[in-house]
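Numbering (my numbering), first residue to last: 2 to 573.
Inspection log for the structure reproduced underneath, given as structure tokens.
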RNA sequence: GCGGCUGUAGCUCAGCGGAUUAGAGCAUCGGUCUACGGAACCGAGGGUCGGGGGUUCGAAUCCCUCCAGCCGCACCA
């Protein structure tokens, strides 16, 4: 189906084109009418005529028959009111459309999304939350849009720390080490290695030798290394399951994967004449970047000691993803502090010809998670907060809240529900503010059932579903038609029809919070409707109409939440 | 010093391809109350949109500048 927004846009565009081809009608939802088009003002400026004149001309040209009525307001706004028959038609089409009016992208693109990226032999903590949650939402949204998503979990599985980690593993014995790691006690493993490294010179020496052996590809060392990696990846998988994240072990393509490509990267850069030796390191100086002394800033590809830094790995990844994965779009869901690094990577990749102009490449940056003191979120004792611990606490709170209610749910059901609510609370809080901002982690507020929270949206959905439970019999929506005589019905209907543009408005700029804003607004429209318009006690056509609105609402909430990675239980 | 991000009601946040009276949630106050799940709905109070300039018929939105906070600026990722 063509979405309501698109129908209006097409009609308006045709009229605008006749005044000045390509002029944007600037169509958006409005409180004045159902939609408003603000494009007349800039168009008037462009053609050098009074806005009212142009508005009148547009109104004379535009064909909105059967679709909407239009009024000129103020200096030249076009306020559009959708006609009742058209609303009815669109809603009836929506009933039969599993995608709720969202078109399938054509052509489908290969979208590589780099997200989560924990470190091997290190606990996943709040620092990984945003990348994981935002990245997964973007992956789900892109898949729904019809694109082919290739998730890349760029785990930290290489580098000097692995010398000491492997030696520590040797000291512990493989069995004990695996037991420790598989319990998810990664941090104490890491800390123990670190402590020995700092205190014991012999251990330090062994560790250094081990790094060399690892890099040289020594078989036994590689085997020990892979134990660390495999145990960690298995642990990550548990965390992802607990968070309901779609990342799979196959998506883990860590830093080490690119090792074999690094020589080629250097060679290519050299052949392209981009490589410069500076202080013994091999660097590229992309134009436009300077250091604090206003001198050109290098991207260090190969260090003075001939080791490769993360810049080399990131360059290899760009090259690999475009060349071998045929990426049309590269997204890096990584914290904002790395902004300059990625700008330089992209700049160099473009210079080297690895990143064609038509490949969209974006650093999907995000702000920090802060504690109540507005500083980086830590435990009271100053330690990093483990993701698992965070989820557990949220789940306990949700469970406690459920205990206080008479729901008729069994204990196992309550526990399962509590995990769903906890995930919703944490994810929604993370997704619902604009990415770039820092946000304050306040479990109390995010898990509240009132306000702009995940649980509130789940509740709104459960309330709708409960109507159908109470209805008992199977109900067929195909007979429903929409008169929308009550204002609350009409408001709800308009909200339902706006799903496609809300989705597009969130996906195009990679802003999941806009989908959150839409869903919260929709939930409010529903509860207002629900309060004002009895459903089950209505009769005949009115009852069918209202039931149909309920069904569409349930589907919109459930679909919208699922695109954010949030479940919508039928009962709470 | 250069660069980036942020600064909107008491608190937490939308809005920022300029446009008709700046929105929401929480909190506060007042209503709805035999309610299809009140974990709700309706309403009220509360804002010089960090300060100051500029462009414009019109700026929270664009430009400049200043202030505050956070972050980055060569061999850790």
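Where a beta carbon is used, it is the ideal one built from N, C-alpha and C, also for glycine.
Which same chain residues end up closer than 8 Å to residue 58 when comparing Cβ atoms and leaving out the 5 residues on each side of it in sequence? As a first step, residue 58 must be located in the first chain, where it is residue number 57. Excluding positions up to five away in sequence, the list reads 20.
The region 381-401 touching the region 473-482, judged by at least three CB pairs closer than 8 Å: no
Answer with buried or exposed for residue 537, where buried requires no fewer than 16 other C-beta atoms within 10 angstroms of its C-beta. Within the first chain, the letter at position 536 stands for residue 537. Looking at its Cβ environment, which holds fewer than 16 other Cβ atoms inside 10 Å, residue 537 is exposed.
Of the residues 515, 510, 541, 555, which one's Cα is nearest the Cα of residue 526? The residue given as residue 526 occupies position 525 in the first chain. Closest by alpha carbon: 555.
Alpha carbon of residue 141 to alpha carbon of residue 247, nearest angstrom: Within the first chain, residue 141 is the residue found at index 140, counting from 1. Within the first chain, residue 247 is the residue found at index 246, counting from 1. Each residue's alpha carbon lies about 8 Å from the other.
Cβ atoms of residue 302 and residue 312: under 7 Å apart, would you say? On the first chain, residue 312 is found 311 positions in, with the first residue counted as 1. On the first chain, residue 302 is found 301 positions in, with the first residue counted as 1. For residue 312 and residue 302, yes; Cβs fall inside 7 Å.
Inter-residue spacing [alpha-carbon to alpha-carbon] between residue 572 and residue 128: Residue mapping note: residue 572 aligns to position 571 of the first chain, counting from 1. Residue mapping note: residue 128 aligns to position 127 of the first chain, counting from 1. When rounded, the distance between both Cα atoms is 33 Å.
When we look at the beta-carbon of residue 208 and count the other beta-carbons within 10 Å, is it buried (16 or more) or exposed? For the purposes of this step, residue 208 is taken as residue 207 along the first chain, with counting starting at 1. That one is buried.
Name, in chain order, the residues that DSSP records as bridge partners for residue 330. To locate residue 330, count along the first chain from 1; it is residue 329. Note: residue 330 sits in a beta bridge opposite 112, 361.
Could you tell me which whole alpha helix (DSSP H) segments of length 4 or greater appear in the region 139-202? 162-173, 175-183, 187-200
Would you say residue 311 touches the ligand ZN, meaning its beta carbon is less than 6 Å from a heavy atom? You won't find the ligand ZN in this model; it holds no ligand whatsoever.
Give the secondary structure of residue 468 by DSSP, where H, G and I count as helix, E and B as strand, and everything else as coil. The residue you call residue 468 lines up with position 467 of the first chain. Here residue 468 sits in helix by DSSP.
On the criterion of 16 or more Cβ atoms from any shown chain inside 10 Å, does residue 515 qualify as buried, or is it exposed? Taking the first residue of the first chain as position 1, residue 515 is located at position 514. The residue in question, residue 515, is buried, as its Cβ has 16 or more Cβ neighbours within 10 Å.
Option nearest residue 432 by Cα separation, candidates 565, 70, 15: The sequence position of residue 432 within the first chain is 431, counting from 1. For residue 432, the nearest C-alpha among the options comes from 565.
Give me whichever residues DSSP pairs with residue 83 in a beta bridge. Here the question's residue 83 lines up with position 82 in the first chain. Bridge partners of residue 83: 69.
Coil, strand or helix - residue 285 by DSSP: The residue labelled residue 285 in the question sits at position 284 within the first chain. Residue 285: strand per DSSP, three-state reduction.
Taking DSSP's pairing of strands, which residues face residue 126 in a bridge? Counting from 1 along the first chain, the entry for residue 126 is found at position 125. Per DSSP, 387.
Go ahead and label residue 26 buried or exposed: buried means 16 or more other beta carbons lie within 10 angstroms of its beta carbon, across all protein chains shown. By one-based count along the first chain, residue 26 stands at place 25. Label assigned to residue 26: buried.
Is the region 376-395 close to the region 353-368, with three or more CB pairs under 8 Å? no
Using 10 angstroms around the beta-carbon of residue 213, count the other beta-carbons present and answer buried if the total reaches 16, otherwise exposed. For this step, residue 213 is matched to residue 212 along the first chain. Flag for residue 213 reads exposed.
State the beta-bridge partners of residue 301 as determined by DSSP. If you number the first chain from 1, residue 301 lands on position 300. Its beta-bridge partners are 284.
Going by beta-carbon coordinates alone, are residue 136 and residue 114 separated by less than 7 Å? Taking the first chain and counting its residues from 1, one reaches residue 136 at position 135. Taking the first chain and counting its residues from 1, one reaches residue 114 at position 113. Yes. Within cutoff.
Could you check where the alpha helix (DSSP H) with residue 424 kicks off and where it finishes? Position 423 of the first chain, counted from the start, is the residue given in the question as residue 424. Unbroken alpha helix (DSSP H) run through residue 424: 412-432.
Could you name the residues of the same chain whose beta carbon sits closer than 7 Å to that of residue 226, not counting the 5 residues immediately before and after it, in chain order? In the first chain, the residue the question calls residue 226 occupies position 225. Hits under 7 Å: 163, 167, 215.
Could you spell out where the alpha helix (DSSP H) holding residue 525 opens and where it closes? Indexing the first chain from 1 puts residue 525 at position 524. Start and end: 513-533.
So, for residue 560: in the same chain, excluding its five sequence neighbours on each side, which residues have a beta-carbon less than 7 Å away from its beta-carbon? Taking the first chain and counting its residues from 1, one reaches residue 560 at position 559. Closer than 7 Å at the Cβ level, and outside the excluded window around residue 560, lie 101.
Look at the Cβ atom of residue 330, then the Cβ atom of residue 110, and state whether they are nearer than 7 Å. For the purposes of this step, residue 330 is taken as the residue at position 329 of the first chain. For the purposes of this step, residue 110 is taken as the residue at position 109 of the first chain. Closer than 7 Å, so yes.
When you compare only the Cα positions, how much space is there between residue 337 and residue 465? Here the question's residue 337 lines up with position 336 in the first chain. Here the question's residue 465 lines up with position 464 in the first chain. Each residue's alpha carbon lies about 39 Å from the other.
Hey, could you find the ends of the alpha helix (DSSP H) residue 487 is sitting in? Locating residue 487 in the first chain gives position 486, counting from the first residue. Where residue 487 is concerned, there is no enclosing alpha helix (DSSP H), given that its DSSP letter is neither H nor E.
Would you be able to state if there are at least three C-beta pairs under 8 Å between the region 332-352 and the region 360-375? yes
Measure the C-alpha to C-alpha separation of residue 28 and residue 51 and round it to an integer number of angstroms. What you label residue 28 is simply residue 27 of the first chain in a count that begins at 1. What you label residue 51 is simply residue 50 of the first chain in a count that begins at 1. Roughly 20 Å between the two C-alpha positions.
Helix, strand or coil: how does DSSP classify residue 376 here? Translated into the one-based positions of the first chain, residue 376 becomes position 375. Coil, per DSSP.
Rounded straight-line distance, which links the Cα of residue 150 to that of residue 290: Taking the first chain and counting its residues from 1, one reaches residue 290 at position 289. Taking the first chain and counting its residues from 1, one reaches residue 150 at position 149. Their backbone Cα atoms lie some 32 Å apart in a straight line.
Best match in 44, 310, 277 for proximity to residue 1 [C-alpha to C-alpha]: Look at the range of the chain in this structure, 2 to 573, and you will see that residue 1 is not part of it.
In the DSSP assignment, find the unbroken beta strand (DSSP E) run with residue 480 in it and report its ends. Numbered from its first residue, the first chain carries residue 480 at position 479. That residue, residue 480, is in no beta strand (DSSP E); it is neither H nor E in DSSP.
Applying the criterion that 16 or more other CB atoms from any shown protein chain within 10 Å of the CB defines a buried residue, is residue 299 buried or exposed? As a working note, residue 299 is residue 298 in the first chain. By the 10 Å Cβ count, residue 299 comes out buried.
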